[in-house]
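Asker:
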Amino acid sequence: MATVTLGGDTVHTSGSLPTTGSKTPEFKLTTTDLASKSLSDFKGQNLVLNIFPSVDTGTCATSIREFNKAASTLNNTKVLCISRDLPFAMARFCGAEGLDNVESLSDFKDGNFGKSYGLEFTDGAFESLLSRCVIVVDTEGKVIYTEQVQEIADEPNYEAALNALKS
0 MATVTLGGDT VHTSGSLPTT GSKTPEFKLT TTDLASKSLS DFKGQNLVLN IFPSVDTGTC
60 ATSIREFNKA ASTLNNTKVL CISRDLPFAM ARFCGAEGLD NVESLSDFKD GNFGKSYGLE
120 FTDGAFESLL SRCVIVVDTE GKVIYTEQVQ EIADEPNYEA ALNALKS
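Following numbering that gives the first Met the number 0, the numbering of the sequence shown begins with 0 at its first residue and continues without gaps.
#1: Could you spell out where the alpha helix (DSSP H) holding N111 opens and where it closes?
#2: What are the boundary residues of the beta strand (DSSP E) that includes L46?
#3: At the level of alpha carbons, what is the spacing between P24 and P17?
#4: Would G140 pass as a contact of S15 if the rule is Cβ separation under 8 Å?
#5: With three or more beta-carbon pairs closer than 8 Å as the criterion, would you say the region 70-89 touches the region 24-43?
#6: Can you list, in chain order, the residues of its chain whose CB lies under 6 Å from that of G113, leaving out five sequence neighbours each side?
#7: So which of E150, T138, I134 has the shortest CA-CA distance to Y157?
#8: Taking DSSP's pairing of strands, which residues face V142 in a bridge?
#9: Roughly how far, in whole angstroms, is the beta-carbon of S53 from the beta-carbon of E154, given that I think they are within contact range, below 8 Å?
#10: So, under 8 Å CB-CB, A123 and L5 are touching, yes? Tell me the CB distance rounded to an integer number of Å.
#11: What did DSSP end up calling D8 once you bin it into helix, strand or coil?
#12: Which residue wins for smallest C-alpha separation from P86, given the options L73, S35, V142?
#13: State the Cα-Cα distance for the pair V136 and L48, rounded to the nearest angstrom.
#14: Report the option in K27, N74, R83 whose CA atom is closest to the CA atom of L46.
#15: DSSP three-state call for E65: helix, strand or coil?
#16: Hey, quick one: how far does the alpha helix (DSSP H) through E158 stretch, first residue to last?
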């Protein structure tokens with residue numbers, strides 16, 4: 000279990016993020032057009048998993064915009080924006096913002112992504128939503144970088160995540 004803060008108040012997650020060097024856990028998430036996507040659909044590509052509580056909060060929206068900008072310059076890399084938002088909300092947000100370099104995926108059906116990755120909130124105002132995290136995965140499916148943002152309202156370290164792809 001990890002401990003982070005929301006507005007300075009301590010909250011807990013269901014576990015710990017996958018460790019650097021470990022195999023990325025399989026997932027099955029829902030796209031904005033209600034199709035299913037799994038980790039194997041991205042085989043052979045680098046992945047940046049931009050994970051957050053909801054597109055309808057300022058910091059989450061900023062992280063999507065920032066990674067969308069960066070994604071246009073990355074070779075053989077997909078940025079996956081993952082939350083428990085309904086796919087309709089994610090499609091609305093990305094459409095209104097003109098964001099087309101990221102792929103939005105939802106864990107709304109069963110919450111298994113948040114549980115298997117150890118980042119579902121178990122208490123506090125955001126209970127059952129996903130903690131703000133970044134996980135970078137190489138083309139072999141191994142975790143090469145993780146960050147769980149200590150204060151939920153803070154942005155992730157974009158530069159460190161993207162630099163992990165250059166190593």
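Ideal Cβ positions, reconstructed from N, Cα and C, are used throughout, including at glycine. In this text the structure is predicted, and so the values were computed from the model without any measurement.
Answerer: Once the coordinates are examined:
#1: Under the DSSP assignment, N111 falls in the alpha helix (DSSP H) whose first and last residues are 111-115.
#2: Per DSSP, L46 belongs to the beta strand (DSSP E) from 45-50.
#3: Approximately 8 Å between the Cα atoms of the pair.
#4: In this structure, S15 does not lie closer than 8 Å to G140 by Cβ.
#5: Yes: at least three Cβ pairs fall under 8 Å.
#6: Once the five neighbours on either side are set aside, the close Cβ partners of G113 are D106, E119, L129.
#7: Selected option, being the one with the closest Cα: I134.
#8: BP columns for V142 point to V136.
#9: In fact, because the Cβ distance is near 15 Å, the residues do not count as touching under 8 Å.
#10: Looking at the sequence shown, residue 123 is not Ala but Gly. For G123 against L5, the beta-carbon gap comes to about 5 Å, under 8 Å, which counts as contact.
#11: Residue state, collapsed to three classes: strand.
#12: The residue with the shortest Cα to Cα distance from P86 is S35.
#13: Between V136 and L48, the alpha-carbon positions lie close to 8 Å from each other.
#14: Put simply, of K27, N74, R83 the residue whose alpha carbon is nearest the alpha carbon of L46 is N74.
#15: DSSP places E65 in helix when its eight states are reduced to three.
#16: That run of the alpha helix (DSSP H) goes 157-163.
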